[in-house]
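Data block below; observations after.
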Amino acid sequence: MSVRLGQVVDALGGELHGAGRDTEIARIAPLDSAGPDALSFLNNPRYQSQLATSQAACVIVAPALREAALARGACIVTPDPYVYFARVTQLWARLHGRGAAPGVHPSAVVHESAQVHPTASVGPLCVVERGAVIGAHTRLASRVTVGADCAIGERCILHPGVVIGADGFGFANEGGVWIKIEQLGAVRIGDDVEIGANTCIDRGALGDTVIEDGVKLDNLIQIAHNVHIGKNTAMAGCSAVAGSTTIGAHCTIAGAASIVGHLQLADNVHVSTNTVVTHSISRPGHYTGVFPMDENAQWEKNAATLRQLYRLRERIKALERKNQDGPAATQQ
Amino acid sequence: MSVRLGQVVDALGGELHGAGRDTEIARIAPLDSAGPDALSFLNNPRYQSQLATSQAACVIVAPALREAALARGACIVTPDPYVYFARVTQLWARLHGRGAAPGVHPSAVVHESAQVHPTASVGPLCVVERGAVIGAHTRLASRVTVGADCAIGERCILHPGVVIGADGFGFANEGGVWIKIEQLGAVRIGDDVEIGANTCIDRGALGDTVIEDGVKLDNLIQIAHNVHIGKNTAMAGCSAVAGSTTIGAHCTIAGAASIVGHLQLADNVHVSTNTVVTHSISRPGHYTGVFPMDENAQWEKNAATLRQLYRLRERIKALERKNQDGPAATQQ
Amino acid sequence: MSVRLGQVVDALGGELHGAGRDTEIARIAPLDSAGPDALSFLNNPRYQSQLATSQAACVIVAPALREAALARGACIVTPDPYVYFARVTQLWARLHGRGAAPGVHPSAVVHESAQVHPTASVGPLCVVERGAVIGAHTRLASRVTVGADCAIGERCILHPGVVIGADGFGFANEGGVWIKIEQLGAVRIGDDVEIGANTCIDRGALGDTVIEDGVKLDNLIQIAHNVHIGKNTAMAGCSAVAGSTTIGAHCTIAGAASIVGHLQLADNVHVSTNTVVTHSISRPGHYTGVFPMDENAQWEKNAATLRQLYRLRERIKALERKNQDGPAATQQ
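See below:
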């Protein structure tokens, strides 16, 4: 099933050059693998060299590249080609009927007191517990659990295996035995939030765990009780946030990063892959703490030295003292 | 729905001062956000400054703080305010009917040969396989799988998405091809164990994987085949234990920590967040191995140096030799 | 239920010595815990000392250990005892009827357009979406989701909670707001692939995510969109691969290792536990990047120094300059 370029610009804007509105597109593809039936895009100027040789039927480009693109063939000119490409994928999905139908799949288990908006889609084998609320146009893919009293906003997507509102991990220790602290809060999720497969967001201990509008969470993420994540923050797969930490808006947390509990992260903080955030961050910026990989033999040497690092510093200090005293001493 | 302070002390003990038994409590809240309808608690003396200004109807305090608390208003005096608070949350949940009803939800798939105690609760869309045993008062929340021949003790809680008794990861390599080692053991879980959402505990290869009484596991934890975890040990989210490792009793393993296979950890070992335990630990204590986070630019400098750390040590050695020889040389 | 040694060698080959074909075996056990009803194996010569004292009815050994084994009692001699042991566990499982019956469990939700081979087994509460293909003799254990248009080969095993074909994590940023890139690709999985509990493999953005024949993935693994994993590569629990990375054949990725996006890893690359792979690897070998664990007090000293590592190098440089100039200076 194909789409005409005219349909694309009618729906999404942009200037079509060098090709007729009836040109048919059978697929969307990256520049280097696009065939003559494909619509492609050039986002990163680094890949400009791929433009001239691309076989794509049409390439989405920024205004600055209009001439270079036209020299090759058809193009759509738009201020932000990557955003335009994103909207093309959405158009594509819509035209190909990939959306979920509204309604509750008969195999889902929805408590009678839960409120599921009629435009929401609750997929196969989902569980929606007592008092939970699912907003308009929100989609629970399949095998999603939304716990008691948790609320999901509008236009959210929850992928398979997501667990919202399991108990937070809270215990008091009495003579070596753990006494459960019942988790009396819930989870509140804003609008336009996407949550990846098998990700878990625990309910709060007393207050609620809060995920604000526009937050995007990848797969297998752990969000502990009473965490608060600000608007439009994105977290990549296998990252984790411990209890009661607040993350600002417009942050990006890379894959497998960990943020310990009871911290405050400002807006616009960017944390690198596998970094462990152990203290609050009050300034926007890019933060990293990744141990560098090496060939194993080389790593073994360095790791052994690393465990003596403090002593190395002491040895340097001693040398520095000697080198200050030394000349004087030899003058005696 | 509110609870009277008299109900609280009747159920849990402690001395009520400065308020009538009929005082009604509408919620439980932390000191700094408690309103005049809330019961609060002061556990950590660090937060004592919050006591004077808290609006709470009543504060749970230790005997040493009785006078300070009374100067503010009502209090319940008890030896361990945090344990008391935990029990209040349990009372709260009980009075508000938050417990799970016994019985097997009609959507669950329970093999006819499985033994589910009549007081146990098997929630929606759970799977209990052939020969599995679920003990008294144990609760499988929703979408939990308990594999063939696995046994869960009494008063356990298994949160949504938990998988008990999937195959351990065992293969022999024959000319580059992996030959499956069928996992013939099972999983045995003691009493009072809690297991967080989407956590996985694999069945043993020959013997069983064993989780002893009182162990608490958070979300998204991986417990490999033939692991043995001792009584009352607690592990936080995203931690992992590789095959055949034994962890003692009363240990705490922080979030995203990893313990490699075939190790022995003594009782009372405490492992910090994101630490990788690569050798056995025979002494109780606190163990850490976290690469410190920094601003990215600073990290890049340090990481580059780190890969040369062994050579730095060599250079220090060379300097030390020179500094021992040097004075002698200049005396010539 | 027991098995006769004659059955074992008839099915798997190997030479039986020192015991009759009718000798009955009630279990398979490691050397050190095997009783007189057990079949055991000696794979690693390191454990040869356990051979003499083992109570096992029969021990599987390599030809070089035939005499040592016979001096103790019965043995089966075979070129690769560990592979033979693996096949014994398979025989054991088969004889004890542990296989899954073909067919779709009535509680599973299989789209009418999905193609499930008649010899495949789709367990309880699985979801197989529109256009998905499940090959011959493949087993979906329970609560597995296979997304639209994804294809699983023959003889695969997908453990409980696996999610194949959730959306990859792709967004364009427009003025701080994330615009979803619909994930238009699928997931293609070869033959003889095993996938552990709660592991997630995302669908591709434009092309497909590809897992080749013989790949083995443990539990709680994240495979992002457009990743390509070569034949017979094995990845241990909690590891993760970010988008568009290609991993070669016959690699091993240890537990909790992370591989960032857009990299190329050659064949026969072995990555240690918790290592973060941040650049492409073109040569086979063993790569490591684990921060060493220490007692917490010692770690604190070293970690503090680590953040000054770059300055330490500067101080060494300064000392080296001084020590070159120094002797000359004192000669003046």
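Chains as they are written, first to last, in our numbering: chain R, 262 to 593; chain D, 262 to 593; chain A, 262 to 593. From the three backbone atoms N, C-alpha and C, an ideal C-beta is built for every residue, glycine too. This structure is a prediction, so every number in the text was calculated from the model and none was measured.
- Under the DSSP definition of a beta bridge, D/Asn434 partners with D/Trp439.
- Taking the Cα of D/Asp474 as reference, the smallest distance to any Cα among D/His489, D/Thr460, D/Ile520, D/Asp463 is reached at D/His489.
- In this structure, R/Ala397 is the residue among R/Ala397, R/Ser368, R/Gly360 with its C-alpha nearest to the C-alpha of R/His378.
- In the DSSP assignment, A/Tyr343 falls outside any beta strand (DSSP E) and lies within the alpha helix (DSSP H) extending over 342-356.
- Residue environment: D/Gln483 is assigned as buried (16 or more neighbouring CB atoms within 10 Å of its CB, all protein chains considered).
- Scanning the region 495-560 of chain A for uninterrupted beta strand (DSSP E) segments of 3 residues or longer gives 530-532, 546-549, listed from N- to C-terminal end.
- Taking every protein chain shown into account, the CB of D/Gly436 has fewer than 16 other CB atoms within 10 angstroms, so this residue is exposed.
- Secondary structure note for R/Val269: its alpha helix (DSSP H) is the uninterrupted segment 266-273.
- Taking each of R/Val448, R/Leu526, R/His372, R/Val389 in turn and checking the Cα distance to R/Asp428, the smallest one comes out for R/Val448.
- For R/Thr314, the uninterrupted alpha helix (DSSP H) segment begins and ends at 310-314.
- Against chain R, a Cβ distance below 7 Å from D/Asn487 picks out nothing, because the smallest value is about 24 Å.
- Excluding its 5 nearest sequence neighbours in each direction, A/Gly522 has C-beta neighbours in its own chain below 6 Å: Ala503, Gly504, Ser505, Thr506, listed in chain order.
- Contact between the region 536-548 of chain D and the region 542-560 of chain A is present: three or more C-beta pairs spanning the two stretches fall below 8 Å.
- Each of A/Gln351, A/Leu467, A/Asn434, A/Gly426 was checked against the Cα of D/Ala433, and the nearest Cα belongs to A/Gln351.
- Classified as buried, D/Asn493 has 16 or more neighbouring CB atoms from the shown chains inside 10 Å of its CB.
- In the structure shown, A/Leu580 falls within a helical segment according to DSSP collapsed to helix, strand and coil.
- Here the C-alpha atom of A/Ser541 lies approximately 24 Å from the C-alpha atom of A/Gly451.
- In this structure, A/Ala369 sits away from A/Val394, with a CB-CB distance that is not shorter than 9 Å.
- For R/Ile577, the chain A residues whose Cβ falls inside 8 Å of its Cβ are Leu573, Arg576, Ile577, Leu580, in order along the chain.
- Excluding its 5 nearest sequence neighbours in each direction, R/Ala362 has C-beta neighbours in its own chain below 8 Å: Ser382, listed in chain order.
- Taking a C-beta distance under 9 Å as the contact criterion, A/Glu285 and A/Ile337 do not qualify as a contact pair.
- Under the three-state reduction of DSSP, R/Gln483 is assigned to strand.
- Taking the CA atoms as reference points, A/Ala485 sits about 57 Å from D/Asp283.
- The criterion of a C-beta distance shorter than 9 Å is not satisfied by D/Ala354 and R/Leu467.
- Under the DSSP assignment, D/Arg333 falls in the alpha helix (DSSP H) whose first and last residues are 327-333.
- In terms of CA proximity to R/Val407, D/His420 leads the group D/His420, D/Arg400, D/Thr460.
- In terms of Cα proximity to A/Gly426, the closest of A/Arg464, A/Gln569, A/Val530 is A/Arg464.
- R/Arg391 carries a coil assignment under DSSP once its states are collapsed to helix, strand and coil.
- With respect to A/Asn535, D/Ser533 sits apart: the two C-beta atoms are not nearer than 9 Å.
- A distance of 9 Å or more separates the beta carbons of A/Trp439 and D/Gly550.
- If you look at A/Ser374, you'll find it isn't in any beta strand (DSSP E); DSSP assigns it neither H nor E.
- Relative to the Cα of R/His357, the nearest Cα in the group R/Ile289, R/Ala409, R/Lys578 belongs to R/Ile289.
- Annotation: A/Tyr308 has no Cβ neighbours in chain D at a cutoff of 7 Å; minimum Cβ distance is about 12 Å.
- When the Cα atoms are used, R/Arg582 and R/Asn563 turn out to be separated by approximately 26 Å.
- As the crow flies, the alpha-carbon of A/Leu580 is around 8 Å from that of D/Leu580.
- Interface flag for A/Pro553 against chain D is set, since a Cβ pair is found closer than 9 Å.
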